[in-house]
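Trainee: Per numbering that gives the first Met the number 0, the sequence shown starts with residue 0, numbered consecutively. Here a beta-carbon is modelled for each residue, glycine too, at the ideal position from N, C-alpha and C. For clarity, every value in this text was computed on a predicted model and none was experimentally measured.
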Amino acid sequence: MPSTKKHIVIIGGGIGGLATAILLAKQGRDVSLYEQLDDLGGKARQFTVDGFRFDMGPSWYLMPKVFEHFYTLIGEDIHKHIKLTRLSPAYKVFFEKNHPIIISGNLTQDAKTFDAVEPGAGKKLEKYIQKAGTTYHTAIDSFLYTNFNAVHKFVQPQILKSGPFMARVATQSIDSYVSSYFQDNRLKQIMEYPMVFLGASPYNAPALYHLMSYMDFEEGVFYPEGGIYSVIESLIKIAKKYGVKLHTNKPVNRIIVEDGKATGIELSNTVIPADIVISNADLHFTETRLLPTQYQSYPEGYWQKRTAGPSALLFYMGIKGSLPQLEHHNLYFSDDWHKNFTDIFDNKTWPRPASMYICKPSATDTSVAPKNHENVFILVPLPAKDMTKSEQNTLTKQYFNQFKQLINEPGLDKRIVYQKTYSPRDFTTDYNAWEGSALGLSHTLKQSALFRPRNKSKKVKNLYYVGGNTIPGVGLPMCLISAELIVKHLSHDKTITPLGTLPEIK
Ligand SMILES: Cc1cc2nc3c(=O)[nH]c(=O)nc-3n(C[C@H](O)[C@H](O)[C@H](O)COP(=O)(O)OP(=O)(O)OC[C@H]3O[C@@H](n4cnc5c(N)ncnc54)[C@H](O)[C@@H]3O)c2cc1C
0 MPSTKKHIVI IGGGIGGLAT AILLAKQGRD VSLYEQLDDL GGKARQFTVD GFRFDMGPSW
60 YLMPKVFEHF YTLIGEDIHK HIKLTRLSPA YKVFFEKNHP IIISGNLTQD AKTFDAVEPG
120 AGKKLEKYIQ KAGTTYHTAI DSFLYTNFNA VHKFVQPQIL KSGPFMARVA TQSIDSYVSS
180 YFQDNRLKQI MEYPMVFLGA SPYNAPALYH LMSYMDFEEG VFYPEGGIYS VIESLIKIAK
240 KYGVKLHTNK PVNRIIVEDG KATGIELSNT VIPADIVISN ADLHFTETRL LPTQYQSYPE
300 GYWQKRTAGP SALLFYMGIK GSLPQLEHHN LYFSDDWHKN FTDIFDNKTW PRPASMYICK
360 PSATDTSVAP KNHENVFILV PLPAKDMTKS EQNTLTKQYF NQFKQLINEP GLDKRIVYQK
420 TYSPRDFTTD YNAWEGSALG LSHTLKQSAL FRPRNKSKKV KNLYYVGGNT IPGVGLPMCL
480 ISAELIVKHL SHDKTITPLG TLPEIK
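1) Looking at the unbroken beta strand (DSSP E) that takes in residue 419, where does it start and where does it end?
2) Sort 25, 420, 460 and 415 by Cα distance to residue 389 and report the nearest one.
3) In the stretch 249–284, which residue ranges form an unbroken beta strand (DSSP E) of at least 3 residues, counting only runs that do not cross its ends?
4) In angstroms, rounded to a whole number, what distance separates the CA positions of residue 251 and residue 140?
5) Within this structure, are the beta carbons of residue 481 and residue 308 separated by less than 8 Å?
6) For a test of the three-state rule: what should DSSP assign to residue 293, helix, strand or coil?
7) State yes or no: is the C-beta of residue 215 nearer than 7 Å to some heavy atom of ligand 1?
8) Taking the alpha-carbon of residue 171 as reference, which of 491, 291, 274 and 443 has the nearest alpha-carbon?
9) If I'm right that residue 29 touches residue 5 with Cβ under 8 Å, what's the distance once you round it to whole angstroms?
10) Looking only at its chain, what residues have a beta carbon closer than 7 Å to the beta carbon of residue 97, apart from the 5 residues adjacent to it on each side?
11) Given this structure, state the Cα-to-Cα distance separating residue 461 from residue 494, to the nearest angstrom.
12) Counting only runs of 4+ residues fully inside the stretch 73–126, write out the alpha helix (DSSP H) ranges in chain order.
13) Taking 7 Å as the cut-off, is the beta-carbon of residue 429 closer than that to any non-hydrogen atom of ligand 1?
14) Are residue 466 and residue 13 touching if we call contact CB-CB under 8 Å?
15) Buried or exposed for residue 410, please, with buried defined as at least 16 other CB atoms from any protein chain shown within 10 angstroms of its CB.
16) Quick one: give me the first and last residue of the alpha helix (DSSP H) that residue 174 is part of.
17) Which one of 429, 458 and 490 has the shortest CA to CA distance from residue 34?
18) Quick check on this structure: which residue in 8, 161, 233 and 143 has the alpha carbon closest to the alpha carbon of residue 82?
19) Considering only heavy atoms of ligand 1, does any lie closer than 7 Å to the CB of residue 281?
20) Can you tell me whether residue 453 is buried or exposed, with buried defined as 16 or more other CB within 10 angstroms of its CB?
21) What separation, rounded to the nearest whole angstrom, lies between the Cα atoms of residue 103 and residue 109?
22) Decide if the stretch 374–386 is in contact with the stretch 305–319; the criterion is three or more beta carbon pairs, one per stretch, under 8 Å apart.
23) Pull up the CB-CB distance for residue 90 and residue 328, whole angstroms please, since I reckon it's below 8 Å.
24) Starting from residue 471, follow the alpha helix (DSSP H) in both directions and report where the run begins and ends.
25) Counting pairs of beta carbons, one from the stretch 188–199 and one from the stretch 45–53, are three or more of them closer than 8 Å?
26) Nearest by alpha-carbon distance to residue 356: which of 337, 52, 330 and 335 is it?
27) Would you kindly work out how many angstroms separate the C-alpha atoms of residue 491 and residue 137, rounded to a whole number?
28) Quick one: using the 10 Å Cβ neighbour count with 16 as the cut-off for buried, is residue 500 buried or exposed?
29) Buried or exposed: where does residue 15 fall if 16 or more other Cβ atoms within 10 Å of its Cβ makes it buried?
30) Exposed or buried, which one is residue 167 when buried takes at least 16 other CB atoms within 10 Å?
31) Use the C-beta contact count for residue 359: other C-beta atoms within 10 angstroms, 16 or more gives buried, fewer gives exposed.
32) Where do the N-terminal and C-terminal ends of the beta strand (DSSP E) with residue 305 fall, by residue?
33) For residue 146, which three-state DSSP category applies?
34) Quick check: does the Cβ of residue 284 come within less than 7 Å of any heavy atom belonging to ligand 1?
35) Across the stretch 20–28 and the stretch 236–244, are there enough close Cβ pairs to call them in contact, namely three or more that are closer than 8 Å?
36) Per DSSP, what kind of secondary structure is residue 455 in: helix, strand or coil?
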């Protein structure tokens, strides 16, 4: 007998697509997921070569409670799937001219470090983090887990109480907010760099995102054994357990719309009928390439008026011997911070010198590199625009030289046993990423919270969107929340807090 269950089709197997598939299959839905690449995980994929295992994109495991909540919701014990280590130190920061600063992840210790740089800054750090914690918890309890479809829910006493402060941090830039606490450029950079995680510039991102520093300094920076991909592996395993049909190497060419309703998808030579279609593919691509013009809620004109988050040049390197000057997470900030962001967001030119992030997971996990070798990943944030092969070669040399100068390691060139770079063009080719952006829509005020594209088509019934370009936003934990928001839609749940249990899906 043919199944009478509603068939749900998901386009794209990034973390958002996988998480949505699990939530819906767990509720008894018939779910099929179609991913265009050979592997699942999207930007959180992994590759192995010559005994090295590289996470291709994300490397910071932040907001552990959001991951824990997701696993609890699906009836799984996260600790049976993911073994976490809290990193100590949390990260090391290098500067162009000054000595590096280590952020330990212990607030008392870090306050002393701040005091040594700027007398009195330790107490200010504690006050800053206390406020960041309040905003963080307000966000979890009131803003992140909502589809913004029940305005009266926001007229709650605790939200009203924090109203004036919230109004201030929603309208002021984080750079000006941070400057009201700290004067030293290095300390300001440490409080502002998390904006890059949100694909935003500190000169343009609302001070609301000071909440990010609560994660660094108080909640902790974690590492899942085996790398970030171990999260994806566990989601794949759970998806299979609930019967999700996972198809790779299946690019979707079109969302079929009949009488204003999504009725399926088209692959290269097959039509897959569906009762509900959920796209986890890049939202710009979904809207402008998979749908006919009359059914686009966010047509090309919408995107032309929006700000893309940065792209990046990524280096994956296997290095013989050790690099003791690097911790697990390392950041390098160029002195002219303002110019660095102006180059990326306004002038759209390749920054020289560039700020960069260097990850050495072999500091924590011996399984990511052969014995006596280091696994090194470098991320150079760049403007979201195409990079030719010749530009890629020139910039690879230039940024690698910058890295060499930074770590000052004799004979490094001869010790590189593996090197591969990944450019903005690769983001476009692999993920259909809008403007080759690594992160999608930047989290400026006008592109945050209720101003971000919604996760439900305004023009096509039964068509939904999940992932970093929709609400609540960029990052692995946000994409898990995004999946939960789809369930809220399908179950007509208008609550603003995390779900206690999985509701029945209508
Ligand atoms: C370099 C980098 C570093 C990052 N660092 C961090 C970090 O440290 N911590 C953190 O939390 N987050 C980080 N992020 C952000 C995080 O990785 C993303 O927000 C998240 O992985 C996006 O997931 P997603 O569900 O939106 O889908 P994506 O990962 O974008 O996946 C979408 C999938 O859809 C597929 N697809 C596209 N078009 C089609 C089609 N036509 N047919 C079928 N399939 C299609 C794509 O191939 C892809 O697999 C980083 C991102 C990058 C790129």
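Mentor: Taking the geometry as given:
1) Start at 1 with the first residue of the sequence shown, and residue 419 comes out as number 420. Residue 419 -> beta strand (DSSP E) spans 415–421.
2) Position 390 of the sequence shown, counted from the first residue, corresponds to residue 389. Looking at the Cα atoms, 420 is the closest of the given residues.
3) 253–257, 260–265, 270–272 and 275–278
4) Translated into positions along the sequence shown, residue 251 becomes position 252. Translated into positions along the sequence shown, residue 140 becomes position 141. Approximately 36 Å, taken between the alpha carbons.
5) Position 482 of the sequence shown, counted from the first residue, corresponds to residue 481. Position 309 of the sequence shown, counted from the first residue, corresponds to residue 308. No, these two residues do not count as a Cβ contact at 8 Å.
6) Here residue 293 is taken as the residue at index 294 of the sequence shown, counted from 1. DSSP places residue 293 in helix when its eight states are reduced to three.
7) Stepping through the sequence shown from its first residue, residue 215 is reached at position 216. No.
8) To locate residue 171, count along the sequence shown from 1; it is residue 172. It is 443.
9) Position 30 of the sequence shown holds residue 29. Position 6 of the sequence shown holds residue 5. The pair is a contact, with the Cβ atoms about 7 Å apart (cut-off 8 Å).
10) One-based indexing of the sequence shown puts residue 97 at position 98. The residues are 185.
11) Residue numbering aside, residue 461 sits at position 462 when the sequence shown is read from its first letter. Residue numbering aside, residue 494 sits at position 495 when the sequence shown is read from its first letter. So the alpha carbons of these two residues sit roughly 21 Å apart.
12) 77–80 and 106–116
13) By one-based count along the sequence shown, residue 429 stands at place 430. Yes, the Cβ of residue 429 comes within 7 Å of a heavy atom of ligand 1.
14) Here residue 466 corresponds to residue number 467 of the sequence shown, with the count starting at 1. Here residue 13 corresponds to residue number 14 of the sequence shown, with the count starting at 1. Cβ distance < 8 Å, so residue 466 and residue 13 count as in contact.
15) Your numbering for residue 410 matches position 411 in the sequence shown. Residue 410 should be labelled exposed.
16) Locating residue 174 in the sequence shown gives position 175, counting from the first residue. It spans 173–178 - the alpha helix (DSSP H) in which residue 174 sits, taken as one unbroken run.
17) If you number the sequence shown from 1, residue 34 lands on position 35. The residue with the shortest Cα to Cα distance from residue 34 is 429.
18) For the purposes of this step, residue 82 is taken as the residue at position 83 of the sequence shown. For the residues 8, 161, 233 and 143, the minimum Cα distance to residue 82 belongs to 233.
19) By 1-based counting over the sequence shown, the position of residue 281 is 282. Yes, since a heavy atom of ligand 1 falls inside the 7 Å radius drawn around the Cβ of residue 281.
20) As a position in the sequence shown, residue 453 is number 454, starting the count at 1. It is buried - the Cβ of residue 453 has at least 16 other Cβ atoms within 10 Å.
21) Walking along the sequence shown from the start, residue 103 turns up at place 104. Walking along the sequence shown from the start, residue 109 turns up at place 110. So the two alpha carbons sit approximately 6 Å from each other.
22) yes
23) Here residue 90 refers to the residue found at position 91 of the sequence shown. Here residue 328 refers to the residue found at position 329 of the sequence shown. Contact flag correct, Cβ pair sits at about 4 Å.
24) By 1-based counting over the sequence shown, the position of residue 471 is 472. Taken as a continuous stretch (DSSP letters only), residue 471 belongs to no alpha helix (DSSP H), as it is neither H nor E.
25) no
26) Locating residue 356 in the sequence shown gives position 357, where the first residue counts as 1. The option with the nearest alpha carbon to residue 356 is 330.
27) Here residue 491 corresponds to residue number 492 of the sequence shown, with the count starting at 1. Here residue 137 corresponds to residue number 138 of the sequence shown, with the count starting at 1. Going from the Cα of residue 491 to the Cα of residue 137 covers about 23 Å.
28) Position 501 of the sequence shown, counting from 1, holds the residue named residue 500. The residue is exposed, with fewer than 16 neighbouring Cβ atoms inside 10 Å.
29) For this step, residue 15 is matched to residue 16 along the sequence shown. Buried, because 16 or more other Cβ atoms sit within 10 Å of the Cβ of residue 15.
30) Counted from its first residue, the sequence shown places residue 167 at position 168. Classification for residue 167: exposed.
31) Translated into positions along the sequence shown, residue 359 becomes position 360. Buried is the call here.
32) Locating residue 305 in the sequence shown gives position 306, counting from the first residue. Residue 305 -> no beta strand (DSSP E), and no H or E assigned at all.
33) To locate residue 146, count along the sequence shown from 1; it is residue 147. Three-state result, residue 146: coil.
34) As a first step, residue 284 is located in the sequence shown; it is residue number 285 there, counting from the start. It does: the Cβ of residue 284 is within 7 Å (strictly closer) of some heavy atom of ligand 1.
35) yes
36) Position 456 of the sequence shown, counted from the start, is the residue given in the question as residue 455. Residue 455 falls in the strand class under three-state DSSP.
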